[in-house]
Amino acid sequence: MKLRIILTLIASAIALAAISLWMGQQAYSWFPPQASAESKLIDDLFSFLVTLGTFIFLGVVGVLTYSVIFQRTGKYDLSDGPHIEGNVTLEIVWTAIPFALVIWIATYSYQIYDQMSILGPMEHIHLSMPTAEAAPINDQTKSMESMEPIEVLSRQWAWEFHYPEQNVTSTELHLPKLKRVKLVLKSEDVIHGFYIPAFRLKQDIIPNQPINFEFTPIREGKYRLRDSQYSGTYFASMQADVVVESPEAYQQWLAKAANQTPKAAFNPAFEEYTKASEKAIKPGWKTVVPASPPIVNYSSSQDKSS
78 MKLRIILTLI ASAIALAAIS LWMGQQAYSW FPPQASAESK LIDDLFSFLV TLGTFIFLGV
138 VGVLTYSVIF QRTGKYDLSD GPHIEGNVTL EIVWTAIPFA LVIWIATYSY QIYDQMSILG
198 PMEHIHLSMP TAEAAPINDQ TKSMESMEPI EVLSRQWAWE FHYPEQNVTS TELHLPKLKR
258 VKLVLKSEDV IHGFYIPAFR LKQDIIPNQP INFEFTPIRE GKYRLRDSQY SGTYFASMQA
318 DVVVESPEAY QQWLAKAANQ TPKAAFNPAF EEYTKASEKA IKPGWKTVVP ASPPIVNYSS
378 SQDKSS
């Protein structure tokens, strides 16, 4: 009888492990394409957490279901159950296992964070010195040369990007593929959130506190930058295109933008506020006046008009 129970438990554990591993692999398809080296690390961590969470969830639900179906009392049995004293061994086991899992998850999570090294040396503290240069995930990305920092300015409600290399300002963030990108994040007013879902990267931008931020784009394409923090009435319109292109195309874009005369860019928040202010009937609520449209060499609206 005991052998049968042991074999049943082993078979159940194997089945749960197989289902959990399958679910962990499915988790990779729940996100946008992996567009940065850091996204691969984040997705691996998330897959691990989904696998572990699925195993625990199915295990707990399975035990509860078995108990409800096979361990319930008879229809007219109103007697008390047997008096059971505490089991020290059992209590140690169900305390030690969750503790070990929490330490495992915390250690693995920090190793991923440390390997990404997306913050500059002033913001990021490494527990182990060898990983300070290990933000990229493999030998190919480790050898990638970095570039001059791009200044990212956030305000209510617009993104503005300045490239000191060519003295270019744009409302569209252009990045070269397979190069370590360095940004300097700044806010003129309130807390904003720099968030690119395809890169799996998010960083709060604190007023009057420039933050160094690094990552490596690995996939060409156009992605979306969003403000992940509620920063006021028109924060939903505070979005920008992020264009990852080859280093050659990136340099061509910089040269093209540098030759253009700076002008006011289209800003959805400012336009919406202006139209609302011109109405004879006011809505009754007040809001912060959006900043004036940024003066830039290149605006994403140019692609729509050309």
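The numbers in the working numbering rise by one with no breaks, and the one at position 77 of the sequence shown is 154.
Note that the Cβ used here is the ideal one computed from N, Cα and C, for glycine as well.
Within its chain, find whatever has a CB closer than 6 Å to the CB of residue 429; leave out the 5 residues flanking it on each side and keep chain order. Residue 429 cannot be examined here, being either before or after the span of the chain that is shown, 78 to 383.
On the three-state DSSP scale, how would you describe residue 309? coil
Can you grab the Cα-Cα spacing for the pair residue 214 / residue 344, in whole Å? Model confidence at residue 214 stands at a pLDDT of 48, short of 50, so the residue's coordinates are unreliable and nothing is read from them.
Sort out for me which residues DSSP pairs residue 299 with in a bridge. 320
Residues bridged to residue 253 by DSSP? 322
Would you call the CB atoms of residue 291 and residue 261 closer than 7 Å? no
Quick one: residues in its chain with C-beta nearer than 6 Å to the C-beta of residue 306, no 5 flanking neighbours on either side, listed in chain order? 268, 269 and 270
Counting pairs of Cβ atoms below 8 Å between the segment 138-152 and the segment 175-194, do you hit three or more? no
Going by DSSP in three states, residue 167 sits in which element: helix, strand or coil? helix
What does a CB cutoff of less than 6 Å around residue 265 pick up in its chain, not counting 5 residues either side in sequence? 232
Express the C-alpha separation of residue 119 and residue 315 in angstroms, rounding to a whole number. 25 Å
Straight-line CA distance for residue 353 to residue 235? 18 Å
Helix, strand or coil for residue 194? Go by DSSP, reduced to three states. coil
Neighbourhood of residue 374 by C-beta distance below 6 Å, restricted to the same chain and skipping five residues each side: 245, 246, 334, 337 and 339
Residue 121 CB to nearest chain D CB: under 7 Å? Looking at the structure shown, chain D is missing, and only one protein chain is on hand.
Between the CA atoms of residue 239 and residue 191 - distance to the nearest angstrom: 28 Å
In the DSSP assignment, what residue or residues form a beta bridge with residue 161? Per DSSP, none; premise fails for residue 161.
CA nearest to the CA of residue 127, picked from 145, 149, 196 and 100: 100
Rounded C-alpha distance that separates residue 302 from residue 376: 15 Å
Residue burial classification, residue 252 (beta-carbon count within 10 angstroms, cutoff 16): buried
In angstroms with no decimal places, state the Cα-to-Cα distance between residue 384 and residue 130. Because the chain is modelled from 78 through 383, residue 384 falls outside the range shown and cannot be assessed.
Can you list, in chain order, the residues of its chain with a C-beta nearer than 6 Å to that of residue 309? Leave out the 5 residues immediately preceding and following it. 233 and 365
Specify the secondary structure class of residue 272 as computed by DSSP and reduced to three states. strand
First and last residue of the alpha helix (DSSP H) that includes residue 349? 345-355
What does a CB cutoff of less than 8 Å around residue 331 pick up in its chain, not counting 5 residues either side in sequence? 240, 242, 243, 245 and 251
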